[in-house]
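The block underneath contains the structure these notes are about, expressed in structure tokens.
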Ligand code: TYD
Ligand code: MG
């Protein structure tokens, strides 16, 4: 037998090194290296064989028939996957603990089994009784969901051979282990080998496999980034613990676009789809209050109206306090400097707080104009007037720059009954939507006239 080679892996990003390092050169994490086995060479070969790549063919001879898909029974989930679950695909669902990954996948099991698919739910974290308790909250199960509480992957594979399911859920990949791999469950080598084995299963037997992956506090799927390279699709389930909305985002998808997001709400009876996110996000927003502005952001290809709030008040200290919730703190500071310099507002002597209502996080430049308007509105104590939506990027010279998908944003504003849209002048010419008043502005100085 060949001598087994040990290598060191970064537990955060999967960086591989022949010797131990204090700091990872890949992700700069400290003290993150752990010993593990070098990935077996022949197992890599196995994967490529099972993908049917052993022969050279001409691109023109390859038939481009659509992958075979079936519906998960949850339209938001189908949308994120690019139009349904692809047969024989390996999908990683990542997210913080308690965000609802197990609930989401159990709901997928519920719907697909009701549609006649054979489903197997493998849990390495919970007993069948605990799963049953969760299932009871989700309502009546019309189909039969097979359960297995097991962490030994070899035993799981045997069971899969007997059961021959169409869909397998592995909850979670970090709890799985292969006895022949000499490392603890959750370590980089175990997670890698387990994923590789499941990849072979998915491609070889044409079984769809969903993997649940835990996310570390740094926000990456625990252990290996390498895991993300191995699977077909990576979905992240995110949201704030304080808010009940959840967003499912594709960060990698070999079978569809990564632009789609699905919006859910955690309720008493499991996850509910939010079909109109704008309405949901604007629920309870005040009308005609200074400092409150509605904007339209894009979540993938989907426009979404949200409320931006600002509170500007005289400071009581030498150093003014600034805070931003849901958006970038440095960006808020930058925009305040632009307002000070280009509009002549004396923001330097003011405390300022900016908040995106609903607990959502936004990092889009199209949000700039709304932040500026909210700040100016609060500073002057003059309300924006309800019925107005604004969006646009603000540059350092105070110019308002164009943003993408302006049409979709205006259409969304109109759909929700808004009367006026303030947008970058360069975007205005492209808008041909009747029944809504469109105001194009090209400089931040024009905000004076709007308030
Ligand atoms: P869970 O799916 O166990 O999270 P994960 O697998 O990502 O760790 O979801 C846990 C949370 O969801 C828990 O705090 C309870 C809540 N929850 C509800 O609010 N309603 C429900 O119907 C269910 C099943 C869970
Ligand atoms: Mg769970």
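In our numbering, the protein residues as written are 49 to 499. Every residue gets a Cβ at the ideal spot worked out from N, C-alpha and C, and that includes glycine.
Residues near ligand 1, criterion Cβ-heavy atom distance below 5 Å = 145, 146, 147, 148, 149, 150, 151, 182, 185, 314 and 318
What alpha helix (DSSP H) runs, 4 residues minimum, are completely inside the segment 224-284?
-> Runs found: 236-253 and 274-278.
Counting pairs of beta carbons, one from the segment 150-159 and one from the segment 256-264, are three or more of them closer than 8 Å?
-> yes
Is residue 57 closer than 7 Å to residue 86 when the C-beta atoms are compared?
-> For this step, residue 86 is matched to residue 38 along the chain shown. For this step, residue 57 is matched to residue 9 along the chain shown. Cβ distance not < 7 Å, so residue 86 and residue 57 don't count as in contact.
Assuming residue 446 contacts residue 491 (C-beta within less than 8 Å), just tell me the rounded distance between them.
-> Along the chain shown, read from residue 1 onward, the residue named residue 446 stands at position 398. Along the chain shown, read from residue 1 onward, the residue named residue 491 stands at position 443. Residue 446 to residue 491, Cβ: 5 Å. Contact.
Cα-Cα separation between residue 205 and residue 348, rounded to whole angstroms = Looking up residue 205 in the chain shown gives position 157. Looking up residue 348 in the chain shown gives position 300. So the two alpha carbons sit approximately 37 Å from each other.
Helix, strand or coil: how does DSSP classify residue 295 here?
-> Position 247 of the chain shown, counted from the first residue, corresponds to residue 295. Strand.
Three-state secondary structure (DSSP) of residue 110 = As a position in the chain shown, residue 110 is number 62, starting the count at 1. Residue 110 falls in the coil class under three-state DSSP.
Cβ distance (whole Å) where residue 219 is taken to contact residue 173 below 8 Å | As a position in the chain shown, residue 219 is number 171, starting the count at 1. As a position in the chain shown, residue 173 is number 125, starting the count at 1. Between residue 173 and residue 219 the Cβ distance is about 6 Å, and since that is below 8 Å, they are a contact.
Excluding sequence positions up to five away, which residues of its chain have a Cβ less than 7 Å from the Cβ of residue 74?
-> Reading the chain shown from its first residue, position 26 is the one you call residue 74. Only 58, 61 and 63 meet the Cβ criterion.
With DSSP as the reference, label residue 321 as helix, strand or coil.
-> The residue given as residue 321 occupies position 273 in the chain shown. Assigned with DSSP and collapsed to three states, residue 321 falls in strand.
Would you identify the three-state DSSP class for residue 415, choosing helix, strand or coil?
-> On the chain shown, residue 415 is found 367 positions in, with the first residue counted as 1. In this structure, DSSP gives residue 415 a helical state, which the three-state scheme calls helix.
Cβ neighbours of residue 142 in the same chain (closer than 6 Å, five flanking residues each side left out) | Working through the chain shown from its first residue, we reach residue 142 at position 94. Closer than 6 Å at Cβ, skipping near neighbours: 261, 263, 269 and 284.
Cβ contact check for the segment 363-378 and the segment 467-475: 3 or more pairs under 8 Å | At 8 Å Cβ cutoff, the stretches do not touch.
Decide yes or no for the touch test of the segment 316-329 against the segment 341-356: beta carbon pairs closer than 8 Å, at least 3 of them.
-> yes
As assigned by DSSP and simplified to three states, the class of residue 63 | Indexing the chain shown from 1 puts residue 63 at position 15. Coil.
Would you check whether ligand 3 has a heavy atom nearer than 6 Å to the C-beta of residue 391?
-> Absence of ligand 3 from the depicted structure is noted, with ligand 1 and ligand 2 being the only ligands included.
Residues near residue 426 in its chain [Cβ-Cβ closer than 6 Å; skip 5 each side] = By 1-based counting over the chain shown, the position of residue 426 is 378. The residues are 338, 339, 358, 359 and 360.
Rounded to whole angstroms, how far is the Cβ of residue 296 from the Cβ of residue 310, which I believe are closer than 8 Å?
-> As a position in the chain shown, residue 296 is number 248, starting the count at 1. As a position in the chain shown, residue 310 is number 262, starting the count at 1. Going by Cβ atoms, the distance from residue 296 to residue 310 rounds to 4 Å, so yes, they are a contact pair.
Separation of residue 162 from residue 194, as counted between CA atoms = Counting from 1 along the chain shown, the entry for residue 194 is found at position 146. Counting from 1 along the chain shown, the entry for residue 162 is found at position 114. Using only the alpha carbons, I get a separation of about 12 Å.
May I ask you to report which of helix, strand or coil DSSP gives residue 327?
-> On the chain shown, residue 327 is found 279 positions in, with the first residue counted as 1. If DSSP states are grouped into helix, strand and coil, residue 327 belongs with the helices.
Pick from 228, 499, 180 and 232 that is closest to residue 418, judged by C-alpha positions = Position 370 of the chain shown, counting from 1, holds the residue named residue 418. Closest option to residue 418, Cα to Cα, is 499.
Where the alpha helix (DSSP H) through residue 383 begins and ends = Translated into positions along the chain shown, residue 383 becomes position 335. Counting along the chain, the alpha helix (DSSP H) containing residue 383 begins and ends at 377-391.
Among 68, 312 and 301, which has the Cα closest to the Cα of residue 133?
-> Counting from one through the chain shown, the residue named residue 133 turns up at place 85. Ranking 68, 312 and 301 by Cα distance to residue 133 puts 301 first.
Should the segment 177-195 be regarded as contacting the segment 107-127, the criterion being three or more beta carbon pairs within less than 8 Å?
-> no
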